[in-house]
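Read the structure below first, then the notes.
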Amino acid sequence: MITKFLASFALSMTLACAFITTSIVHASPVDTYEFRDEVTKIRFNDLTKELRCPKCQNQNLADSNSPIAADLRREVYDLLEQGKADSEIVNFMVARYGDFVLYRPRVNSLTYILWFGPALLLLIGVIVVVMIIRKKPQATVEKTLSTEQQSQLDNILKDK
Amino acid sequence: MGKLIRFIPLILFVVLGVVLYRGLSLNPTELPSALVNQQFPEFSLYSVNDEKTLKTNADFKAGIKLVNVWGTWCPSCRAEHEYLLKLSKTDRFTIYGLNYDDERVAAQKWLAALGNPYQFSLFDELGKLSINLGVYAAPETFVIDHNNIIRKRFAGPLNANIWRHEFEPLIAQIESEQQAGK
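Protein chains in written order, with our numbering: chain A, 735 to 894; chain B, 39 to 220.
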């Protein structure tokens, strides 16, 4: 009885998991764009992955279901069809939606900290480590006692 | 020097605390518009109520203009509609609609049932002008000055309070610029 119940439970769980996975797969938007060649298709996929959806802030254009993302995907497609270069398409988007649409921000005075901050912190870390390592031998030298100090110490220990 | 080093963790903590505390009160959906202080983009679209004659930038009246992005699919647009009707009674500026990603019949019904605050509403089915304006949601309201320069973009529904704080000072400023003949 119990084994039968367990078996049916296991089966229903498997089915539920299968259902959830398939519905997740179906959640990503499906556009039917015809590309003139494979290169354009790859460029389209790369661009829609690099550009952020302005409405749904943590998704790129390729992943988002929102109407604005669909419009922008069509715009990217149209611009590709017009023979625009990738940089021109990115500039087109930045001119309208600002730097925000770029998942990889440009290097400018606003983003210096973002780009070079980590390297700077690493450099500071290395300098600190080097300083500590260099200091260490001096500390061990100080610990050895002169013969005079050693005899003094021996005297003290003898008294006890 | 040795004493100063002891305070470094405290200083770092305070700096980080200030930065993160400020981050708590920032609104990540409030994006700076890339179009402020630029010319209103060129367009050539039919309006919601007239599918025969194309409207262009030449159809904008002189003076200050508000361009309000709306759609029948947008609940906040319904919320601000009454206030737009109230605003449309003034002669300080004219209001134009930009109907975004919508169906013509639904939009016509909406204007007939709720009242029409707009001189005309551009029917931007494919979102071409909306993309040129950097629109990403409705409602959005743009302030265009007498030289057709975009002076402000506001995302979200309008009401009396927002108008008083966000729009009224700017409209007054543009009016004084107009008088100065700029």
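For glycine and all other residues, C-beta sits at the position ideal for the given N, C-alpha and C. Keep in mind the model is a prediction, meaning the values are calculated, not measured.
Open item on the list: Does any residue of chain A have a CB that is nearer than 7 Å to the CB of residue 165 of chain B?
Closed with: Residue 165 of chain B counts as touching chain A.
Task: Extent of the continuous alpha helix (DSSP H) to which residue 205 of chain B belongs - done: For residue 205 of chain B, there is no enclosing alpha helix (DSSP H), since its DSSP letter is neither H nor E.
Task: Proximity to residue 181 of chain B [Cα-Cα], best of B:198, B:77, B:48 - done: The candidate whose alpha carbon is nearest that of residue 181 of chain B is B:77.
TODO: Output yes if chain A places a C-beta closer than 7 Å to the C-beta of residue 172 of chain B; else output no.
DONE: Chain A contact via Cβ: present.
TODO: Determine the direct distance from the alpha carbon of residue 85 of chain B to that of residue 176 of chain B, and round the result to whole angstroms.
DONE: The straight-line gap from Cα to Cα measures roughly 18 Å.
- [ ] Please confirm if the stretch 774-790 of chain A is in contact with the stretch 806-820 of chain A, defined as three or more CB-CB distances below 8 Å between the two stretches.
- [x] Yes, the stretch 774-790 of chain A touches the stretch 806-820 of chain A.
Task: Contacts of residue 169 of chain B in chain A (Cβ-Cβ under 8 Å) - done: Within chain A, the residues near residue 169 of chain B are 805, 806, 809, 830.
Task: Neighbour list for residue 789 of chain A in chain B, Cβ cutoff strictly below 7 Å - done: Here the neighbours are 174, 175.
Task: residue 168 of chain B versus residue 862 of chain A - alpha carbon distance - done: Distance between the alpha carbons of residue 168 of chain B and residue 862 of chain A: 53 Å.
TODO: Please determine, among B:203, B:219, B:173, B:184, the residue with the shortest C-alpha to C-alpha distance to residue 193 of chain B.
DONE: Nearest of B:203, B:219, B:173, B:184 to residue 193 of chain B, Cα basis: B:173.
Open item on the list: Could you compute how far the alpha carbon of residue 51 of chain B sits from the alpha carbon of residue 64 of chain B?
Closed with: Between the alpha carbons of residue 51 of chain B and residue 64 of chain B lies a gap of roughly 20 Å.
- [ ] Starting from residue 801 of chain A, find everything on chain B with Cβ-Cβ shorter than 7 Å and list it in chain order.
- [x] Neighbours of residue 801 of chain A on chain B, chain order: 139.
Task: residue 801 of chain A versus B:204, B:105, B:109, B:71, residue with shortest Cα-Cα distance - done: Taking only the C-alpha atoms, the option nearest residue 801 of chain A is B:109.
- [ ] Could you spell out the range, first to last residue, of the beta strand (DSSP E) harbouring residue 191 of chain B?
- [x] Counting along the chain, the beta strand (DSSP E) containing residue 191 of chain B begins and ends at 188-193.
Task: Residues near residue 886 of chain A in its chain [Cβ-Cβ closer than 7 Å; skip 5 each side] - done: For residue 886 of chain A, where only same-chain residues beyond five positions count, there are no Cβ hits under 7 Å.
- [ ] Grab the span of the beta strand (DSSP E) containing residue 107 of chain B for me, first residue to last.
- [x] Boundaries of the beta strand (DSSP E) around residue 107 of chain B: 102-108.
Task: Rounded separation between residue 767 of chain A and residue 827 of chain A - CA only - done: Roughly 20 Å between the two C-alpha positions.
TODO: Identify whether residue 178 of chain B lies in helix, strand or coil by the three-state DSSP scheme.
DONE: Three-state result, residue 178 of chain B: strand.
Task: Nearest-angstrom Cα separation, counted from residue 850 of chain A out to residue 80 of chain B - done: One Cα belongs to residue 80 of chain B, the other to residue 850 of chain A, and the distance between them is close to 40 Å.
Task: Sequence-distant residues of the same chain with beta carbon closer than 7 Å to residue 183 of chain B, five excluded per side - done: Once the five neighbours on either side are set aside, the close Cβ partners of residue 183 of chain B are 102, 189, 212.
Open item on the list: What would DSSP say about residue 83 of chain B, mapped onto helix, strand or coil?
Closed with: Reduced to three states, the DSSP call for residue 83 of chain B is strand.
Task: residue 838 of chain A in three-state terms, based on DSSP - done: Three-state DSSP puts residue 838 of chain A in coil, outside helix and strand.
Open item on the list: As a quick exercise: from B:98, B:57, B:147, pick the residue whose alpha carbon is nearest that of residue 82 of chain B.
Closed with: The residue with the shortest Cα to Cα distance from residue 82 of chain B is B:98.
Open item on the list: Looking only at its chain, what residues have a beta carbon closer than 7 Å to the beta carbon of residue 45 of chain B, apart from the 5 residues adjacent to it on each side?
Closed with: Close CB contacts of residue 45 of chain B within its chain, under the 7 Å cut and outside five residues either way in sequence, are absent.
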